[in-house]
Each structure stands twice: as C-alpha cells, then as structure tokens.
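So the structure is just underneath, and the comments pick up after that.
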Amino acid sequence: MSKLNLEISKNEIELQVSILPGEIFRGEKGEQGERGETGERGMNGKSAYEIWLEAGHSGTIEDFLNFIRGEKGEKGEDALDFFSVLTPENLNVFYQQAREKIIV
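No gaps in the numbering here: position 2 of the sequence shown is 2 in UniProt numbering, and each next residue is one more.
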C-alpha cells in the first residue's frame, strides 16, 4: 500500500512518499454530475514551428526538427534504480531493480 506522510516542525518540512508501481492516490468516486452545455469552438493554435519562427529563428521545418532534436546524449541511469524514500520504519528504502522486485 502506498503512503504519504507530511511532518512539519519549527525549522523543517519533510514530505515522505512511498508509491508502489501502478498505484495512485484516489478518493471515492462521487455521483455523476449533469452534462454541461456544448461550448463554442475555439480558434486553431499556432504550430510549434510557427512559434519557433516568431521567436527569431529561421529555416525550414526540417531545420526546426533538427533544432529541437539536438545531439544524442549519453545513456542515463534509470531513476527507479536509485530512488530512495525516507519512512518512519526505515530511513533508507531503496527501490533497486524495481521492474523485477522491490527491496524494502
């Protein structure tokens, strides 16, 4: 079961969160409300390319795609391999190899 704990002291605020994969915090489902009226149709927005041009850039759509794509970076570490949570029961809870098992 997931946990959320907030402790507030004079000089410190500590938020402790422990969420198991696939779990979310959700309250009980309420009654279905009445259907609202259909709103007016909105205007079409600008494309990311158009905004890029307005920001002072110039070039083709391919230039824009190359700009936002950037250089290939190094492979990063998986956050779940190093995620740690402080809990009252155990100050260091490490989720190592979280896709296979959780070590608590």
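All C-beta atoms in this analysis are idealised placements derived from N, C-alpha and C, irrespective of residue type, glycine included.
Note that this is a predicted model, so its numbers are computed, not measured.
The beta carbon of PHE67 sits closer than 8 Å to those of TRP52, HIS57 and GLY59, all from its chain and outside the five residues before and after it, given in chain order.
According to DSSP, residue pairing for GLU34 in a beta bridge does not occur. One Cα belongs to ILE61, the other to TYR49, and the distance between them is close to 7 Å.
Annotation for ALA48: the continuous alpha helix (DSSP H) segment containing it runs 48-54. The three-state secondary structure of GLU62, taken from DSSP, is helix. Separation of ARG41 and SER47 (C-alpha to C-alpha, rounded to the nearest whole angstrom) is 18 Å.
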